[in-house]
Structure formats: structure tokens, C-alpha cells
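Below is one structure; the comments refer to it alone.
Numbering (the numbering used here), first residue to last: 82 to 673.
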């Protein structure tokens, strides 16, 4: 009888799929040490079972302004019950890893609270809390890789292997999560069908939107093709701060490139091939979308993310299946801690996608089986966009501001899918509440900072407030930034008209219209008197845009205004902004 180690329960709370990916990676690696491991989403787990667990690993993401994922809400609500005894989890050893974004003040807030609460209920931590940061060059993996290594070390101290049993090597043969059977004999026409593979799994809040207009907003000679996409709906309601969520598709040329890479390496799968996916392991469920028969063309169009940047795990798989010693050596190097800088240089820095990587490793590619396709190619994840229109003003329309990249080889999947949409095209989408909580009191003073496409949620809110009446340049202020006034000033005519009508005050920073670069944070400092007066009126401050440097620089600008106009020390000024954050009067929504 083969050896089995202790039971290990791996639970995840995931909003976009990243926490699930990491949890399943931990589950796969646990097999090296013979743990009887299970992996489940927190909304599929009976929370009462936690009392009986000996060992559990939690992986959870933080969304919005420090909120838990939807799949974690019921679990978290139960843990917060005051009636729970302080020693209810005395038998539990646990570890928590969080996925967050350090551009947000409440960085990994959910993981921190979960770690603290489980500790309060008597459980004993296996190791320090792990905090993954999406802002790192290598993403969450930069923190997850060493954390997982430490996890196994600590678990093996508690549950050592017998002397006769050795851990499986890091590059042990990975058993595919699912079994895949293929049928090419059925006489059906599929490649040109318009039926979505999601037609069987549509949710009650899904709706169909029709493209009404897809218009470029930037000048034709500007390097960025920023667009306003207008969609027609059947009166779908939404509020300021809400997001439109949709699943993009791969473009035809991307699909053809993928098929060419496969066929040139003797992997020939006819587009009409019907795939049937079933469980290989009772602990890994087949996603609902794959529980129905789908064909290869549909998978290439709607399921496989052909633009995804490969991660460490991908090269582990390629190393296993290649028959080239040179390819194996290179792939294994990318899976080591020492090889992470090389991995970043090869994949992340040039944004090299999975199809390009398969072309670079032909010996591995020719060994790809149908099952391995689902291990190597990640699924397309839903994308979220701030709604730039106002329901009260635009009624049955939803507007999005999108900014696709220009170089064909480095196209982003979603933005360019949207850029290619034509009038009359239909998309399936749903509305989700975003992280912004705008005040509903029409008399409130609101100051917004939205450079570039960060202005989208503010266009929504501004039109909503104007429609309700009572706005003025004194209580509605927008700091907007872009490169050139006449090239990439989004919605310029609308904002100019609103300012002329005394509905809004717009303060612009055009960074390239003069020799010295000027950014929104410079304009905040330049208008310190106006900003200070706004702060005295209990103004709400909202900041949206790129997550790299802007949020921190804008925050520093507000601190400097408090120091200058309030004649105070830096620590006192910092406390003012921190208190505003705690009360919801200083909110940030940023993206990479």
C-alpha cells in the first residue's frame, strides 16, 4: 500500500481566478509530499467542517476598497459571529496567502483580517502571513514562490515522511486535472456558429448589449488609440462607480497563429473536433462551462487565453514533455528561484505570450496532448471596465473608455477585442458594483483626479450629478491629465461645455505641451488654496487611473497641500488623509 500523509485542506476566495490558480498550484505541489489534499472554493466548503480540520491553507484576494471576494462572503460572515468560542479552532494549524495590489491603501486587507480572525479563534499559524503584490514585476509569484517553499518545510516538520519515502522531484510528472476525449466523426457545422460556449451557463444578471458606436477619441497622429465604445442595452440600470464585466474573445489572426504553431509541430486538431471533459481527480472539479460538449474552434475563440503571459508552472509542464535536453534545461531553469530574473526578461518584459513561447519550444509543443492544452493554456478571465456613461442621462446606453496597444505582436486581449467591434456586433456582459462609493447627497462637495482613461467613472458621476441639478464649480472639481490638449484630451468638448455652463470646474495637466512635464499632482499643489478649502468642506476625494506611480504621487500632493495651507507637520497631514480614507472620503481605484 502506498504511503499517504496527513489530510491538507486548501481553500480559496477568488474574484477573477488568480487565487484559484494559486490554490490549485499548491494542491498540485502537495502531491510531491503525499498529502491527502483537497482544494475548494470557500463558497463550496462547509464552514462547520473547519472545526474538524487539522491543517488548512487559505488563499484569498482583496477586491475594491478592502472587500472580500463574493465567493468568500458567507464564510467570512460566519467567522465573524460573536458567539463563536475563542478556542473553537484549537486543533487547526493554518497558513494564509493573500493576493492584492500595493497601489491600494488596504493592501491585502482581506488576508490580513482572515489571518488575525483565525488566530483569535484559537488556531495556530504554520508560518507568517504571505502577501502577494500585483505591482511586482513578476506579479504574485514573486512572493508566492518562496512562501510555498517555506510552507512545505514547515508542514514536513509537523508531518515528516518515513525514512523509506522520499519527496517526488519538483519536475515530477504532472497528472492532468481532467480527462479529455475527442470526437471528429460527428457531422456538425461548428466553426462559423455564433453560439457561445457560455450559452448554457448564463447567469440571471447577464444581458446582451449591441455595439452602437466605436469611435476613436485621440487624434489620428497620436500613438495611443483611445476609444469611446457605446453599447445599446434594453434599459439595463447602473449607478456611478459601477463596472461593466465581459469576456473577450481571441481575434481571428490570434487563433490562426495558434493553430499554425500546433500544426507546424504535428499537432493537428480539426476545428470541428468535439471535446468532452471529465474529472481526473475527485478534488478538482471541471468548470461548469466545460461540462458541456464544446468544439476546438469554440475553445480557441472563447476559452483559451492565447495572449496570456506564461508563468513558472507553464515551463514546468514543458520541461516534462519535451524530448530535447536543451529545451528541458532552459525550462527547468525558469522554474528555479535563481532563474526568475531570466524568466522576467524572457516573458514579462517583452510581453511574450503563450503562443510565441510554444513556437520557441517546438520539441515540447509537438508532445502536447489534448489534456495538456488545458494545463498550459489558461482560461480567458472576465474583464472589468468602469462605466463612463450615466444611466439617468444616457438611459439605454453604456459607454466604455478603452485604450488598446498598437503593436500587433503585443496586443492586449480584451482592449483589442473591443477595438475591433463593429456597429451591430453583440456582446454578453453584466453589471458589477465597483470599488467607488460615491455620495448620494447632491449637495456634497466632490474632488476627482482622473488622468487618461481614469476619467471614465467620473464622467459617469458628473453627468449623474448634473442631471440631478445643483452642481457648481465650487462643489464639483475634476483634475484631468493627459499628454497633449489637442491630441488625447478625452471627452474634451463635453467637459469644456459643462465648465462654460458653470456646472463643473476642470483643472488640466498637459504633460507634453511644454518643455517641463506637468502632471495632475503638480496641479494639485499649484491649486493648494482651492484644494485646502475643499478639504475644509468635508469634500470627498476620488482618484482613478494607472496604478504605477500616480496614486502615490497624488497622495503626496494632498499631504503637501495640508502641510502648506494648514501649517502643520507631515505626520499630522498624513493623519488627515488616513482619517479621510477610514471614513470613505478618500477613495482610490487603480489598474495595472
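We treat Cβ as the ideally placed atom computed from N, Cα and C, and that holds for glycine.
Computed from a predicted model, the values in this text were never measured in an experiment.
Contiguous beta strand (DSSP E) elements confined to the segment 615–645 occur at 621–627, taking only those with 3 or more residues. In the three-state reduction of the DSSP assignment, residue 565 falls in the coil class. Taking a cut-off of 8 Å on C-beta distances, the segment 592–600 does not touch the segment 608–627, as fewer than three cross pairs fall below it. Taking C-beta atoms under 8 Å as the contact rule, residue 180 and residue 92 fail to qualify, at a distance of about 14 Å.
For residue 262, the enclosing beta strand (DSSP E) has its first and last residue at 259–264. Rounded to whole angstroms, the gap between the alpha carbons of residue 132 and residue 372 is 33 Å.
Looking at the backbone, the Cα of residue 157 and that of residue 567 are separated by about 50 Å. Residue 540 holds the alpha-carbon nearest to the alpha-carbon of residue 321 among 540, 284, 358 and 412. When secondary structure is reduced to three states using DSSP, residue 529 falls in the strand class. Residue 301 counts as exposed, since fewer than 16 other C-beta atoms from the protein chains shown sit within 10 angstroms of its C-beta. By the neighbour-count criterion, in which 16 or more other beta carbons inside 10 Å mark a residue as buried, residue 569 falls on the buried side. Taking C-alpha positions only, residue 217 is separated from residue 425 by approximately 11 Å. Between residue 618 and residue 526, the C-beta spacing is below 7 Å. Residue 609 and residue 147 have their alpha carbons spaced roughly 29 Å apart.
Residue range 443–446 is occupied by the alpha helix (DSSP H) that includes residue 444.
Within the segment 146–229, the runs of alpha helix (DSSP H) at least 4 residues long that lie entirely inside it are, in chain order, 154–160 and 190–201. With 16 or more other CB atoms across the displayed protein chains lying within 10 angstroms of its CB, residue 391 is buried. No Cβ-Cβ contact shorter than 7 Å links residue 261 with residue 339. A distance below 7 Å separates the beta carbons of residue 331 and residue 382. Under the three-state reduction of DSSP output, residue 373 falls in the coil class, being neither helix nor strand. Sequence-distant Cβ neighbours of residue 443 in its own chain, meaning closer than 7 Å and more than five residues away, are 346. Between residue 549 and residue 581, the alpha-carbon positions lie close to 18 Å from each other.
The segment 218–230 makes no contact with the segment 186–195, as fewer than three CB pairs between them are under 8 Å. Annotation for residue 503: no alpha helix (DSSP H) segment contains it, and DSSP assigns it neither H nor E. Its chain contains 435 and 459 as the residues whose beta carbon lies nearer than 6 Å to that of residue 389, once the 5 sequence neighbours on both sides are disregarded; these appear in chain order.
In this structure the segment 199–212 touches the segment 230–247; the number of beta carbon pairs closer than 8 Å is three or more. By the 16-neighbour rule on beta-carbons within 10 angstroms, residue 304 is exposed. For residue 473, the uninterrupted alpha helix (DSSP H) segment begins and ends at 472–475. The beta carbon of residue 394 lies closer than 7 Å to those of 106 in the same chain, with the five residues before and after it left out.
In the three-state scheme derived from DSSP, where H, G and I count as helix and E and B as strand, residue 138 is classed as strand. Burial check for residue 418: the Cβ neighbour count within 10 Å stays below 16, so the residue is exposed. Taking 7 Å as the cut-off, the Cβ atoms of residue 375 and residue 461 do not count as close.
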